[in-house]
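In full-length UniProt numbering, the protein residues as written are 1 to 184. Positions of the beta carbon are idealized from the N, C-alpha and C atoms, including for glycine. Take a look at the structure below.
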């Protein structure tokens, strides 16, 4: 059974190497993957396209996340146990729905049988993420792992407001997913 870890992006910061939120997010994910795969192979699929808001607007979330993640894995005291990890960059997605669709596509295109898939997502978006995962990954056993890394203002907004926002986003995602399935 191949272990696949899906890491979804949340924008391209000015400098990911010193960005507090990304360091907390990817650092926590690194430790979780390390705990279950140290010295073994793991496929880590980083999902996120061109959302760079800084000139020359060419960076992708996936490329930036891999850069930071490799800096964690290349540290001398863990390197021997992370050497077999494989980093895949999915650089097309610009929203959560696309993150999951392209992750699913990766599994299908690579004919991975009975994968053990763990998907990491941001804590306040876990309900929407789970609903989409259930619809997209039908027949697969998927483990959703919410990470509570955000210390910005958005994390502490009123729960009612967050729920309303997530409900609106979910409705849009379901319409888009329905249209994609109809046109496939």
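Around the beta carbon of residue 163, fewer than 16 other beta carbons sit within 10 angstroms, so the residue counts as exposed. For residue 125, there is no enclosing beta strand (DSSP E), as DSSP marks it with neither H nor E. Annotation for residue 88: 45 place their beta carbon closer than 6 Å to its own, counting only its chain and skipping 5 residues before and after.
Around the C-beta of residue 108, fewer than 16 other C-beta atoms lie within 10 Å, and the residue is accordingly described as exposed. Along the region 135-162, the beta strand (DSSP E) occurs as fully enclosed runs of 3 or more residues at 142-147, listed in sequence order. With fewer than 16 other CB atoms across the displayed protein chains lying within 10 angstroms of its CB, residue 31 is exposed.
The three-state secondary structure of residue 182, taken from DSSP, is helix. For residue 50, same chain residues with a beta-carbon under 6 Å away, outside a window of 5 residues either side, are 60 in chain order. In the three-state reduction of the DSSP assignment, residue 6 falls in the strand class, which pools E and B. One Cα belongs to residue 76, the other to residue 116, and the distance between them is close to 28 Å.
Assigned with DSSP and collapsed to three states, residue 78 falls in coil, not helix or strand. Of the residues 160, 178, 82, 182, the one whose Cα lies closest to the Cα of residue 42 is 82.
Taking residue 67 as reference, the option from 104, 53, 12, 40 with the minimal CA-CA separation is 12. Between the C-alpha atoms of residue 56 and residue 132 there is a straight-line separation of about 33 Å. For residue 41, the three-state secondary structure derived from DSSP is coil. Segment contact: the region 166-184 against the region 119-138, three or more CB-CB distances shorter than 8 Å; contact assigned. Between the alpha carbons of residue 99 and residue 80 lies a gap of roughly 30 Å. In this structure, the alpha-carbon of residue 58 lies about 23 Å from that of residue 106. Looking at the backbone, the Cα of residue 138 and that of residue 19 are separated by about 35 Å.
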